[in-house]
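>
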Ligand code: BG6
């Protein structure tokens, strides 16, 4: 390739994590119990279980994370050696409002994030903050039934207002709900819990509950976008979407239509948050199904007034679907996906498709015309710590190289307006889907096993040095 790919001077190169996956200290600083605290350890073949509160004898990996609550100073220092200029993390709602419904925030929780953000800023690292990353206070589940209850809109607004006011001079980039569209796969109950705090009984229709909860989240998100802009007009507040483009298996027209419906189903969340209204096909679907989503006239105005400033998204993989029974055109994420014969998959079955990143960026650009921010991208793999305490993770370097290369084409050739890139799990942490430590993403290794045993020492992987060079050359040297 002869063309050199120049990213803009103020491009944000960083790394991403989420509070519940690395902080630990689950009861420190008067923190309340969150939904992440009641999820047991699982693995590739055994799903995580949700227990009825914290139960003695069960194993909860988020209770210890990687102990970042105590080690953040050393960890931020280590990350600063990469030369990054931003760091994406989240604020654990239950540190600020332990139960979620209090009127007065918990000062110890607020102070923790003050200190963390100051530590970042000291090294010229800008915090990029998600307000709700898979961890609402558990009390909002037991007492209110999670996001199907409209009261949560208010509680979330209070939480956001406190954070916006407290950190208005430290944080500019915010996101409201992490991977809000993961609950498309409502057949897997952990998505309903992580996204919307839903633990459903057998009488409740999970799909209807999911649409209701998502609607309340849209209203809450739109309200806080508006509020945030009032508190600081410089704020940039984004959506956060799990972007896995869905391709048709063949050029059979029914397959094409099915893939289109799959994209519509997975990304109507982006339509509502970016455009400020629901697409007609889904309103028709609610009607046909007799779903009562309770979208009031006032809600419609709120959605219009609170569209997001940018699209934050994660990109790990692409999907493929085919039409099996062309009758009612629906997309069932659990049963309608087939494997792609043209790409390889990770040990956890995640299909590796760098070109899909460029495709997705173009697709979103054509649809929402908004700046984009890749706030997660990475390769979960088993790493081996050698006796010399080195980690030779060429597979991860290959993954990053190929994805960054496609990302740069999308920016330089296709003209997508991209704010930044924060690889996921920049430091090894607890996997969200499996609760494992063994599924590692970091460029920094943490010596700890699935049970939380180990020295917890940090070691730079080969990918650390590689990524440092990418950052230092503003994305020019990726080979
Ligand atoms: C995204 C989440 O789904 O992917 C993260 O926003 C998560 O929280 C990441 O950790 C990788 O998934 P996993 O399940 O491998 O940790």
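Numbering (the numbering used here), first residue to last: 56 to 534.
No residue lacks a Cβ here, since even glycine has one placed at the ideal position from N, Cα and C.
These numbers come from a predicted model, not from an experiment.
Give me the Cα-Cα distance between residue 161 and residue 486, rounded to the nearest whole angstrom.
28 Å
> Taking buried to mean at least 16 other C-beta atoms within 10 Å of its own C-beta, is residue 191 buried or exposed?
So residue 191 counts as buried.
> The beta strand (DSSP E) that contains residue 452, what's its start and end?
Residue range 449–467 is occupied by the alpha helix (DSSP H) that includes residue 452, with no beta strand (DSSP E) assigned at that position.
> Using C-beta distances below 7 Å, list every residue in its chain close to residue 521, excluding the 5 sequence neighbours before and after it, in chain order.
Excluding positions up to five away in sequence, the list reads 452.
> In the DSSP assignment, find the beta strand (DSSP E) that holds residue 297 and state where it starts and stops.
291–297
> Output the boundary residues of the alpha helix (DSSP H) element that contains residue 262.
Unbroken alpha helix (DSSP H) run through residue 262: 261–286.
> Just the C-alpha distance for residue 321 and residue 442, rounded to the nearest angstrom, thanks.
Rounded to whole angstroms, residue 321 to residue 442 spans 45 Å at the Cα level.
> Using DSSP's beta-bridge definition, name the partner residues of residue 89.
192
> Under 7 Å from any heavy atom of ligand 1, does the C-beta of residue 78 make it?
It does not: the Cβ of residue 78 is nowhere closer than 7 Å to a heavy atom of ligand 1.
> If the criterion is Cβ atoms closer than 8 Å, does the pair residue 253 and residue 202 meet it?
Yes, these two residues count as a Cβ contact at 8 Å.
> Mind checking residue 437: buried by the 16 CB within 10 Å criterion, or exposed?
exposed
> Please classify residue 56 as buried or exposed, where buried requires at least 16 other C-beta atoms within 10 Å of its C-beta.
Note that residue 56 has pLDDT 46, beneath the 50 cutoff, so the model's placement of it is unreliable and no number is given.
> Is residue 362 near ligand 1, in the sense that its beta carbon is under 7 Å from a heavy atom of that ligand?
Every heavy atom of ligand 1 is 7 Å or more from the Cβ of residue 362, so no.
> Please list, in chain order, all residues of the same chain as residue 400 whose beta carbon is under 6 Å from its beta carbon, the five residues on each side excluded.
Exclusion of the five residues before and after residue 400 leaves 406 as the residues of its chain whose Cβ lies within less than 6 Å of its Cβ.
> Within this structure, are the beta carbons of residue 62 and residue 463 separated by less than 8 Å?
yes
> So what does residue 358 bridge to, in DSSP terms?
Paired residues: none, contrary to the question.
> Taking 7 Å as the cut-off, is the C-beta of residue 530 nearer than that to any heavy atom in ligand 1?
no
> Suppose the cutoff is 8 Å on Cβ atoms and the five residues either side in sequence are ignored; what does the same chain contact list for residue 330 look like?
362, 423
> Using 7 Å as the cut-off, classify the Cβ of residue 210 as near or not near the heavy atoms of ligand 1, replying yes or no.
False, no ligand heavy atom lies under 7 Å from that Cβ.
> Below 6 Å CB to CB, which residues in the same chain sit around residue 374 once its five sequence neighbours on both sides are set aside?
Closer than 6 Å at the Cβ level, and outside the excluded window around residue 374, lie 299, 301, 392.
> Closest to residue 119 by C-alpha separation, out of 149, 131, 75, 323, would be which residue?
75
> So residue 212 packs on residue 275, CB below 8 Å; how close in whole Å?
Distance from residue 212 to residue 275 at the Cβ level is roughly 7 Å; contact confirmed, criterion being Cβ atoms closer than 8 Å.
> Please indicate yes or no: does the CB of residue 488 lie closer than 7 Å to some heavy atom of ligand 1?
yes
> How many Å lie between residue 382 and residue 245 at the Cα?
29 Å
> List the whole-angstrom C-beta distance separating residue 163 from residue 84, where the pair is believed to meet the contact cut-off of C-beta under 8 Å.
That belief holds up - the Cβ atoms of residue 163 and residue 84 are roughly 4 Å apart, short of 8 Å.
> Using the C-alpha atoms, what's the distance from residue 96 back to residue 221?
34 Å
> Among the residues of its own chain, which have a CB less than 6 Å from the CB of residue 371, if the five just before and after it don't count?
405
> Could you check the C-alpha separation between residue 578 and residue 534 for me, to the nearest Å?
This structure cannot speak to residue 578, because the chain is shown only from 56 to 534.
> Tell me whether residue 81 is buried or exposed, calling it buried when 16 or more other Cβ atoms sit within 10 Å of its Cβ.
buried
> Is it true that the CB of residue 142 sits closer than 8 Å to the CB of residue 133?
no
> Leaving out the 5 sequence neighbours to the left and right, which residues in its chain are closer than 7 Å to residue 264 when beta-carbon positions are compared?
Excluding sequence neighbours, residue 264 sits near 203, 253, 255.
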